[in-house]
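A short write-up of the structure that comes next.
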Amino acid sequence: MEHHMPLHLERMLTTSPPRRVPPVACVVVDVLASWAVPVAVRCGVPVAGFWPAMLACYRVVAAIPELLEKGLISESGTPISSAVESSDGDEQQVVQDDGWTATIRGLEILPAQVELRVEELPWLVGDSATRRSRFAFWLQTLHRARGFRWVLVNSFPAEAGCPAAAAGNENDDDAHRLARQGPRVLPIGPVLLPGGAGERTKQQQQCGKNPSMWRADSTCIGWLDAQRAGSVVYVSFGSWVGSIGPDKVRELALGLEATGRPFLWALKRDASWRAGLPDGFEDRVAGRGKLVDWAPQQDVLRHAAVGCYLTHCGWNSTLEAIQHGVRLLCYPVSGDQFINCAYITGVWQIGLRLDGGMSRDDVGAGIGRVMDDGDEGRRLQEKVWALRDRVVTVEARRAADRNVSSFVDEITRDHPLLVQLYSVL
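The working numbering numbers the first residue of the sequence shown as 87 and each following residue consecutively.
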């Protein structure tokens, strides 16, 4: 894409449009497809970035130059408190987790409630070679992002602890910190499929039809209909994350079996995902547990039978759980999922983290705590309902709608006759 698409985009932006078709007034580009930014700048067309993840994650990525300047990360993006040379020339890092975390807090990149370990920065994915490559990608993306006039973020204006939490307060320094450092940041989310908790209208069902590239197994909805309200554990690690490995799949399966609770598990039907299932597992849990290749997640989370979602904390999954008021048990795997998890457990307090690896005992204990009818389970449920009311109601959407209107107004002021927006996603 880096090598072939810029030429096509430039041709589109510079070719005279047909009669009565206005020229392009603005290009909206996924931040990760940053190749489009220099093309638009060269053609004199203003550019807006679209960030599909959480605003807090954008803040951490945008802070990379500051982290480098203060010596908190190496040139390859690895956290450091001191560095030594190994015999093969690679830099080895000696990091004190508590001290590094305290230093990061001092920079006020994230709110105090967020516990982010040194190995959980969003660019630390894969082996050392992959991490270096990924960090180089982020450096290039940030360099190109200087061409953005706006960044539209799939996050809600009331996201606690972020600059936009004070949207509308022009005197709040923290609210405008990112704006001073770069483009204007506008939360326009959550960008969700229509329909909150409860039944959807026929029109909403049609709008939300087939949102995934994978074919969902809708038989699980009939299975959910036969379960008690709030009794089912839903398990899914999303479409982007690779297999968590056979050992963890085995422990998760045995943990689910030991709880005695009904569960629905979206587990792809291939060797890399299902290799760890214990012998005879599906026979032993037949009737009480259902495994599907892929689930219609919005319909599952909306269902009254679902009482807990064991999740990798992908941002779309997190927003969907909030939308439908479902408590979360978190097992983040990579990328932005650790920051999302830190907000779920520390800032919003709508879920718990599955710590200590993925042992069967941890799985059972975590599910029990989340679905408990005692004080902890009730507190989690009350918190997620309250957050849902702040985020996805009609009233809550107004702040995001104002940001969208502000964005469009700026374009129309500059180009009153050119209101055609192209999206390169």
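Each residue gets a CB set at the ideal place from its N, CA and C atoms; glycine is no exception.
If you're wondering where the values come from, they're calculated on a predicted model, not measured in any experiment.
Which of helix, strand or coil DSSP assigns to residue i
{"i": "D461", "result": "helix"}
{"i": "L440", "result": "coil"}
{"i": "G135", "result": "strand"}
{"i": "C143", "result": "helix"}
{"i": "D116", "result": "strand"}
{"i": "A111", "result": "strand"}
{"i": "L272", "result": "strand"}
{"i": "L310", "result": "helix"}
{"i": "V211", "result": "coil"}
{"i": "W46", "result": "Nothing about residue 46 can be read from this structure; the chain reaches only from 87 to 511."}
{"i": "L414", "result": "strand"}
{"i": "P243", "result": "coil"}
{"i": "H94", "result": "helix"}
{"i": "L342", "result": "helix"}
{"i": "S492", "result": "helix"}
{"i": "N257", "result": "Any reading at N257 must be qualified, since the residue scores a pLDDT of 35, below 50, and its modelled position is unreliable; the value itself is stated next. Coil."}
{"i": "H229", "result": "helix"}
{"i": "V127", "result": "helix"}
{"i": "S304", "result": "coil"}
{"i": "L278", "result": "coil"}
{"i": "I150", "result": "helix"}
{"i": "Q456", "result": "According to the sequence as given, residue 456 is Val; it is not Gln. Three-state result, V456: helix."}
{"i": "A357", "result": "helix"}
{"i": "L387", "result": "helix"}
{"i": "D475", "result": "helix"}
{"i": "E337", "result": "helix"}
{"i": "I497", "result": "helix"}
Minimum C-alpha distance to residue i - residue among the options
{"i": "P276", "options": "E205, K334, V419 and R484", "result": "R484"}
{"i": "R145", "options": "G450, Q435, W209 and V123", "result": "W209"}
{"i": "L228", "options": "E406, G135 and G212", "result": "G135"}
{"i": "A357", "options": "Y417, V335 and K376", "result": "V335"}
{"i": "S120", "options": "F234, E481, F323 and A198", "result": "F234"}
{"i": "G411", "options": "L118, Q423, V392 and V419", "result": "V392"}
{"i": "A215", "options": "T164, A302 and V433", "result": "T164"}
{"i": "G443", "options": "V321, Y429 and I330", "result": "I330"}
{"i": "E245", "options": "D500, A344, A222 and A482", "result": "A482"}
{"i": "R29", "options": "G450, A451, G437 and V449", "result": "A question about residue 29 goes unanswered here, because the residues of the chain that appear run from 87 up to 511."}
{"i": "T100", "options": "V127, A198, A352 and I430", "result": "V127"}
{"i": "V114", "options": "V107, R105 and L95", "result": "L95"}
{"i": "A222", "options": "G130, E161, V200 and A122", "result": "E161"}
{"i": "Q435", "options": "R474, G400, G316 and V449", "result": "R474"}
{"i": "T397", "options": "I430, R499 and G373", "result": "I430"}
{"i": "G432", "options": "A339, L415 and D379", "result": "L415"}
{"i": "V117", "options": "A111, V133, C129 and V107", "result": "V133"}
Per DSSP, cross-strand counterpart(s) of residue i
{"i": "S322", "result": "A352 and T397"}
{"i": "G375", "result": "F349 and A372"}
{"i": "V392", "result": "V318"}
{"i": "I159", "result": "P165"}
Where residue i falls, given that 16 or more other Cβ within 10 Å makes a residue buried
{"i": "Q226", "result": "exposed"}
{"i": "K376", "result": "buried"}
{"i": "A148", "result": "buried"}
{"i": "P243", "result": "buried"}
{"i": "E463", "result": "Reading off the sequence shown, one finds Gly at residue 463, where the question assumed Glu. Its Cβ being crowded by 16 or more others within 10 Å, G463 is buried."}
{"i": "F367", "result": "buried"}
{"i": "F493", "result": "buried"}
{"i": "A486", "result": "buried"}
{"i": "G93", "result": "One point to set straight first is that residue 93 is Leu, not Gly, in the sequence displayed. It counts as exposed."}
{"i": "T345", "result": "buried"}
{"i": "E205", "result": "exposed"}
{"i": "P151", "result": "exposed"}
{"i": "T479", "result": "exposed"}
{"i": "V123", "result": "buried"}
{"i": "A407", "result": "buried"}
{"i": "M457", "result": "buried"}
{"i": "E337", "result": "buried"}
Own chain partners of residue i with C-beta closer than 6 Å, once the 5 adjacent residues on each side are dropped
{"i": "N240", "result": "P138, G275 and V277"}
{"i": "L342", "result": "F349"}
{"i": "V237", "result": "G135, W137, P269 and V271"}
{"i": "R388", "result": "H410"}
{"i": "G516", "result": "Since the first residue shown for the chain is 87 and the last is 511, residue 516 is missing from the structure and cannot be characterised."}
Same chain, Cβ closer than 8 Å to residue i, five either side skipped, listed in chain order
{"i": "R232", "result": "G268"}
{"i": "V211", "result": "R217, R220, S420 and G421"}
{"i": "A381", "result": "A302, D303, C306, Y320, S322, L350 and A352"}
{"i": "D176", "result": "Model confidence at D176 stands at a pLDDT of 48, short of 50, so the residue's coordinates are unreliable and nothing is read from them."}
Residues near residue i in its chain [Cβ-Cβ closer than 7 Å; skip 5 each side]
{"i": "P332", "result": "A361 and G362"}
{"i": "P103", "result": "P109"}
{"i": "C143", "result": "P208, D422 and I425"}
{"i": "L353", "result": "W359, R360 and L377"}
{"i": "V490", "result": "I274"}
{"i": "K469", "result": "W434, Q435 and I436"}
{"i": "Q289", "result": "Reliability fails at Q289, whose pLDDT of 46 lies under 50, so the model's placement of it is uncertain and no value is given."}
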